[in-house]
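Student:
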Amino acid sequence: MGWVDAWATKPSVYAVAARNANDIAEAVNFARENSLRLVVKGGGHSYQGTSDAPDSLLIWTRHMNDIAIHTAFVPQGCEQTLRPQPAVTLGAGTIWIDAYEAVTTRGGKYVQGGGCTTVGVAGLIQSGGFGSFSKHYGLAAGNLLEAEVVTADGQIRVANACTNPDLFWALKGGGGGTYGVVSKLTLRIHDLPEYFGIVNFAVKAVSDDAYRRLIREFVSFYHENLFNDQWGEQAHFKPDNSLDINMLSHGLDTEQTKKVWQPFLDWVAGSPHEYSTEGGPSILGFPAQGMWDLQSWKKHWPEFVFPNPNGNPLIGLLDRTLSYLPWQPAFRRDKRPDAAPTDLWWAGDAGQVGWFIWGYESLWMPASMLENDAQERLADALFASSRYSEVELHFNKGLAGAPPDAVAAARDTATNPALLTAFALAIVADAQGPAYPGIPGHEPSVVKGRKAAERIDRCMSQLRALVPDPGAYVSESNYFEHGWQRAYWGSNYPRLAEIKRKYDPDGLFFVHNGVGSERWSADGFTKL
Numbered sequence: 017m018g019w020v021d022a023w024a025t026k027p028s029v030y031a032v033a034a035r036n037a038n039d040i041a042e043a044v045n046f047a048r049e050n051s052l053r054l055v056v057k058g059g060g061h062s063y064q065g066t067s068d069a070p071d072s073l074l075i076w077t078r079h080m081n082d083i084a085i086h087t088a089f090v091p092q093g094c095e096q097t098l099r100p101q102p103a104v105t106l107g108a109g110t111i112w113i114d115a116y117e118a119v120t121t122r123g124g125k126y127v128q129g130g131g132c133t134t135v136g137v138a139g140l141i142q143s144g145g146f147g148s149f150s151k152h153y154g155l156a157a158g159n160l161l162e163a164e165v166v167t168a169d170g171q172i173r174v175a176n177a178c179t180n181p182d183l184f185w186a187l188k189g190g191g192g193g194t195y196g197v198v199s200k201l202t203l204r205i206h207d208l209p210e211y212f213g214i215v216n217f218a219v220k221a222v223s224d225d226a227y228r229r230l231i232r233e234f235v236s237f238y239h240e241n242l243f244n245d246q247w248g249e250q251a252h253f254k255p256d257n258s259l260d261i262n263m264l265s266h267g268l269d270t271e272q273t274k275k276v277w278q279p280f281l282d283w284v285a286g287s288p289h290e291y292s293t294e295g296g297p298s299i300l301g302f303p304a305q306g307m308w309d310l311q312s313w314k315k316h317w318p319e320f321v322f323p324n325p326n327g328n329p330l331i332g333l334l335d336r337t338l339s340y341l342p343w344q345p346a347f348r349r350d351k352r353p354d355a356a357p358t359d360l361w362w363a364g365d366a367g368q369v370g371w372f373i374w375g376y377e378s379l380w381m382p383a384s385m386l387e388n389d390a391q392e393r394l395a396d397a398l399f400a401s402s403r404y405s406e407v408e409l410h411f412n413k414g415l416a417g418a419p420p421d422a423v424a425a426a427r428d429t430a431t432n433p434a435l436l437t438a439f440a441l442a443i444v445a446d447a448q449g450p451a452y453p454g455i456p457g458h459e460p461s462v463v464k465g466r467k468a469a470e471r472i473d474r475c476m477s478q479l480r481a482l483v484p485d486p487g488a489y490v491s492e493s494n495y496f497e498h499g500w501q502r503a504y505w506g507s508n509y510p511r512l513a514e515i516k517r518k519y520d521p522d523g524l525f526f527v528h529n530g531v532g533s534e535r536w537s538a539d540g541f542t543k544l
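Here the sequence shown is numbered in my numbering, starting from 17 and rising by one per residue.
Set out below in C-alpha cells:
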C-alpha cells in the first residue's frame, strides 16, 4: 500500500506485540527514554500511512481483541452523574466484524462502527468514525463512553466525561496515534431495528443534457424522500453519464423501501429513449440481526453469497460494485485451516489490500445546497465534476438530517463541526491495486497516478467552489491537504493543540497531518 509521491509501506525496525496496557506502557517508556519514533497499529487501515513508518518502534495491538458486553455500564467516576446503560468494551486490536458478531449477530443489539468490517475500532473512533448507519446513530466517537489510554509519560489513564475529560474529548475524533496509545474502549449499545435494507441500481443517460436532468431529478428526490435518518451510503456520478445508487436503509422492510423509491424509478421509466436501467433495480429489506451473519445470508439470500449460473442480474450488479462498496452483502471467508467461521469480511474490503492510491479527496457538502434555490447549482456542479472523474456522495457521512441526540453527541466530539450541517461527504478517488514498489510486474504506475491526481483535483474543485469554508474527513482525505488543521478540525483545532501540549509536550506521538505535527519535519524526526 502507498500513495503516489507521498509514502510507501516500510516496516518498523522494532515491534512490540502488546497483550495488555502494561505492555504498551513499557513500550512507550522505552521509546521515550531512547528517543525512538513510535507507530501504533491496531487494524492498520490508514490511507495516509499513519500506522507504519521506517526506523520506528511499532506498538501492535491486534492481539488485544477481548470483547465484553455490559447491561448496565457507568464510566469510572461518573456514578453520581450518569445512569447505567448498555455498553460494550472492546480491546484496541478488535476489528469491526468481531464487534458486530458479538453485539448484533449474537447479542441482537447495535454498536455504531465502521462500514469496512476489517477496520480497527480504536483508529476509527479516534478519527470520528462513520458507518453505514451513522445518519441514525451518529459518529462512533459520539458513542464513546470511556477509554483506557497510555499517555506519553507511560501512565495508564482512564478517560471519560468525569475523569480526564479533556483527553476524553480529544480522543473522540482528534486523530489516532496523537494523544497516546488506546488499549480499550467502551461504546454505547443501541436497540436494533427489525430491518435493514439495500437498494442497488444504475441508470445510464444517452446524452449530456439527459444526464444533467437525471442528476437534477435525483437531487430533488433525495431532498424530498431520502434526507432523513433512514438512508445512508452512496450515489455515484460517473463520466460515462451513469448514476449508480448503492444505498442502505434503516428500519424499512422490502415493500416500504420499494414505495420510497418508486417515484424516482417511475420518472426514469417514463423516458425510455433517454435512460436505461442496469442490473435491476435490486431492492431488499432483511432482518437486521443477520446483517453481518454469513449463515443468515446463505439461508435467506444465497444469490448474494454464491455464484449464480443462471446469470442473475443482481449478481452482475454486485460484481461491478464490489470494488468500492465495503458494505456490499457478499462475503469472503478466511480459508486457512485454523480459521473460525466468523473470520470473514465484505468482499469490497479486499479491494483496498495492497492498493496504491493515486489521489483521494473529500469535502463535506452543506445541507443548504439541498434548498430549492440551490439544487440546480449543486446538480450542475456534480455534472461538471463528473466530466473529470467519478464523484461519490456518502450520505451517511454527514449528520444533517440525523436525530437531535446523534447530532448533539457529535457536537461534543473533536471532529470538524462542518459535518453537523452536511448532508453528505463527497469523495473523489482513484487507485491502482495491488501494487508494490520493488516487485517487478507489480510496480506502482507513477505517471498514471500523477495524471489521475490532477483529474481528481480538477474534479473536486467544481464542488469546492460551492463551499466557502471547505472541510474534509481526516480518515478519507488528501495526503497533501491544504490547511489541514482547519479542514480536519475547524474551530476545534486550537483546543486540540492545547491538549496535545498537555499530555505529550515533547511530541512522542507523531503522525502525518496530526495535531501538533507542524512542529516537526515531514518524517517526524526533527523538531522545527
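By construction, the Cβ of each residue, glycine as well, lies at the ideal position given by its N, Cα and C atoms.
1) Would you please state the rounded distance, in angstroms, between the beta carbons of Gly189 and Ala157? I believe it to be under 8 Å.
2) Would you grab the beta carbon distance between Ala440 and Met476 for me? Rounded to a whole angstrom, and I think it's under 8 Å.
3) What does DSSP give as the partner residues of Ile443 in its beta bridges?
4) Take Asp539 and list the residues in its own chain whose beta-carbon comes closer than 6 Å to its own, dropping the five residues that flank it on each side.
5) Beta-carbon separation of Ser223 and Glu290 under 9 Å?
6) Just the C-alpha distance for Ala31 and Ile75, rounded to the nearest angstrom, thanks.
7) Could you tell me which uninterrupted beta strand (DSSP E) segments, each at least 3 residues in length, are contained entirely in the stretch 246-301, listed from first to last along the chain?
8) Given a cut-off of 9 Å, decide if Met263 and Trp247 are closer than it, judged by their beta-carbon atoms.
9) Would you please state the rounded distance, in angstroms, between the beta carbons of Leu398 and Val407? I believe it to be under 8 Å.
10) Do Lys464 and Gln478 count as a contact pair if the criterion is CB distance below 9 Å?
11) Where does Leu333 fall in DSSP's three states?
12) Taking three-plus beta-carbon pairs below 8 Å as touching, is the stretch 487-494 in contact with the stretch 508-523?
13) Roughly how many whole angstroms lie between the Cα atoms of Leu160 and Leu73?
14) Runs of 3 residues minimum, wholly inside the stretch 426-496: which ones carry the beta strand (DSSP E) assignment?
15) For Ala451, decide whether its Cβ has a neighbour in chain C, counting only Cβ atoms nearer than 9 Å.
16) Whole angstroms is fine: what's the gap from Asn324's alpha carbon to Gly296's?
17) Start and end of the alpha helix (DSSP H) containing Ala312?
18) Between Asn432 and Pro357, what straight-line distance do the alpha-carbon atoms span, to the nearest angstrom?
19) Using only the alpha-carbon positions, how far apart do Trp500 and Asn529 sit?
20) DSSP state of Phe184, grouped into three classes?
21) Starting from the C-beta of Ser292, find all residues in its chain whose C-beta is less than 7 Å away, skip the five residues before and the five after it, and write them out in chain order.
22) Check for me: the alpha helix (DSSP H) holding Ile113 runs from which residue to which?
23) If you follow the alpha helix (DSSP H) that Asn38 is part of, which residue opens it and which one closes it?
24) Under 8 Å Cβ to Cβ from Leu52, same chain only, skipping five residues before and after it: list those, please.
25) Is Pro510 helix, strand or coil when you go by DSSP?
26) Keeping to the same chain, check which residues put their C-beta closer than 7 Å to that of Leu208; ignore five residues upstream and five downstream.
27) Assuming contact is defined by CB atoms lying nearer than 9 Å, are Phe302 and Phe212 in contact in what I supplied?
28) Mind checking Gly130: buried by the 16 CB within 10 Å criterion, or exposed?
29) Determine the extent of the alpha helix (DSSP H) in which Ser199 is found, giving its start and end residues.
30) Please list, in chain order, all residues of the same chain as Ala445 whose beta carbon is under 6 Å from its beta carbon, the five residues on each side excluded.
31) Helix, strand or coil, according to DSSP, for Ala538 in the structure here?
32) Given this structure, state the Cα-to-Cα distance separating Ile172 from Leu230, to the nearest angstrom.
33) Helix or strand or just coil, what does DSSP make of Leu207?
34) On the DSSP letters alone, give me the boundaries of the alpha helix (DSSP H) that Asn393 sits inside.
Tutor: Looking at the coordinates:
1) As a working mapping, residue 189 is identified with position 173 in the sequence shown. As a working mapping, residue 157 is identified with position 141 in the sequence shown. That pair is a contact at about 5 Å.
2) Translated into positions along the sequence shown, residue 440 becomes position 424. Translated into positions along the sequence shown, residue 476 becomes position 460. Between Met476 and Ala440 the Cβ distance is about 14 Å, and since that is not below 8 Å, they are no contact.
3) One-based indexing of the sequence shown puts residue 443 at position 427. Paired residues: Ser378, Glu408.
4) Residue numbering aside, residue 539 sits at position 523 when the sequence shown is read from its first letter. Cβ neighbours of Asp539 beyond the five flanking positions: none.
5) To locate residue 223, count along the sequence shown from 1; it is residue 207. To locate residue 290, count along the sequence shown from 1; it is residue 274. Taking 9 Å as the Cβ cut-off, Ser223 and Glu290 qualify as a contacting pair.
6) Numbered from its first residue, the sequence shown carries residue 31 at position 15. Numbered from its first residue, the sequence shown carries residue 75 at position 59. Each residue's Cα considered, the two are about 6 Å apart.
7) 247-253, 258-266
8) The residue labelled residue 247 in the question sits at position 231 within the sequence shown. The residue labelled residue 263 in the question sits at position 247 within the sequence shown. Yes, the Cβ-Cβ distance between Trp247 and Met263 is below 9 Å.
9) Position 382 of the sequence shown, counting from 1, holds the residue named residue 398. Position 391 of the sequence shown, counting from 1, holds the residue named residue 407. Confirmed, Cβ separation roughly 6 Å.
10) Taking the sequence shown and counting its residues from 1, one reaches residue 478 at position 462. Taking the sequence shown and counting its residues from 1, one reaches residue 464 at position 448. No, the Cβ-Cβ distance between Gln478 and Lys464 is not below 9 Å.
11) The residue you call residue 333 lines up with position 317 of the sequence shown. Residue placement at Leu333 is poorly supported in this model, since its pLDDT is 30, which falls under 50; the coordinates still yield a value, given next. Leu333 falls in the helix class under three-state DSSP.
12) no
13) What you label residue 160 is simply residue 144 of the sequence shown in a count that begins at 1. What you label residue 73 is simply residue 57 of the sequence shown in a count that begins at 1. Cα to Cα, the separation comes out at about 28 Å.
14) 438-448
15) Given the protein chain composition of this structure (a single chain), no chain C is represented.
16) As a first step, residue 324 is located in the sequence shown; it is residue number 308 there, counting from the start. As a first step, residue 296 is located in the sequence shown; it is residue number 280 there, counting from the start. With a pLDDT of 41 at Asn324, under the threshold of 50, the predicted position of this residue should be treated as unreliable, and no value is reported.
17) Numbered from its first residue, the sequence shown carries residue 312 at position 296. For the sequence presented, residue 312 should be read as Ser rather than Ala. Where Ser312 is concerned, the enclosing alpha helix (DSSP H) stretches over 310-316.
18) To locate residue 432, count along the sequence shown from 1; it is residue 416. To locate residue 357, count along the sequence shown from 1; it is residue 341. Their backbone Cα atoms lie some 39 Å apart in a straight line.
19) In the sequence shown, the residue the question calls residue 500 occupies position 484. In the sequence shown, the residue the question calls residue 529 occupies position 513. Taking the straight line joining both Cα atoms gives about 7 Å.
20) The residue given as residue 184 occupies position 168 in the sequence shown. Reduced to three states, the DSSP call for Phe184 is helix.
21) By 1-based counting over the sequence shown, the position of residue 292 is 276. Contacts found: Lys220.
22) Counted from its first residue, the sequence shown places residue 113 at position 97. Ile113 -> alpha helix (DSSP H) spans 112-116.
23) Counting from 1 along the sequence shown, the entry for residue 38 is found at position 22. From DSSP, the alpha helix (DSSP H) with Asn38 extends over 37-49.
24) The residue given as residue 52 occupies position 36 in the sequence shown. Taken in chain order, the residues that qualify are Tyr30, Phe46, Ser72, Leu73.
25) By 1-based counting over the sequence shown, the position of residue 510 is 494. Note: Pro510 maps to helix in three-state DSSP.
26) Sequence index remark: in the sequence shown, residue 208 carries index 192 (1-based). Result list for Leu208: Thr120, Gly124, Lys125, Tyr126, Ala304, Gln305, in chain order.
27) Translated into positions along the sequence shown, residue 302 becomes position 286. Translated into positions along the sequence shown, residue 212 becomes position 196. For Phe302 and Phe212, yes; Cβs fall inside 9 Å.
28) Taking the first residue of the sequence shown as position 1, residue 130 is located at position 114. With 16 or more Cβ atoms within 10 Å of its Cβ, Gly130 is classed as buried.
29) For the purposes of this step, residue 199 is identified with residue 183 of the sequence shown, where counting begins at 1. Taken as a continuous stretch (DSSP letters only), Ser199 belongs to no alpha helix (DSSP H), being part of the beta strand (DSSP E) at 197-204.
30) Here residue 445 corresponds to residue number 429 of the sequence shown, with the count starting at 1. The residues are Tyr376.
31) Within the sequence shown, numbered from 1, the residue matching residue 538 stands at position 522. Coil, per DSSP.
32) Walking along the sequence shown from the start, residue 172 turns up at place 156. Walking along the sequence shown from the start, residue 230 turns up at place 214. For Ile172 and Leu230, the distance between alpha carbons rounds to 55 Å.
33) Looking up residue 207 in the sequence shown gives position 191. Correcting the residue type first, residue 207 is Asp in the shown sequence and not Leu. If DSSP states are grouped into helix, strand and coil, Asp207 belongs with the strands.
34) The residue you call residue 393 lines up with position 377 of the sequence shown. Sequence check: residue 393 is Arg here, not Asn. Here the alpha helix (DSSP H) through Arg393 covers 391-402.
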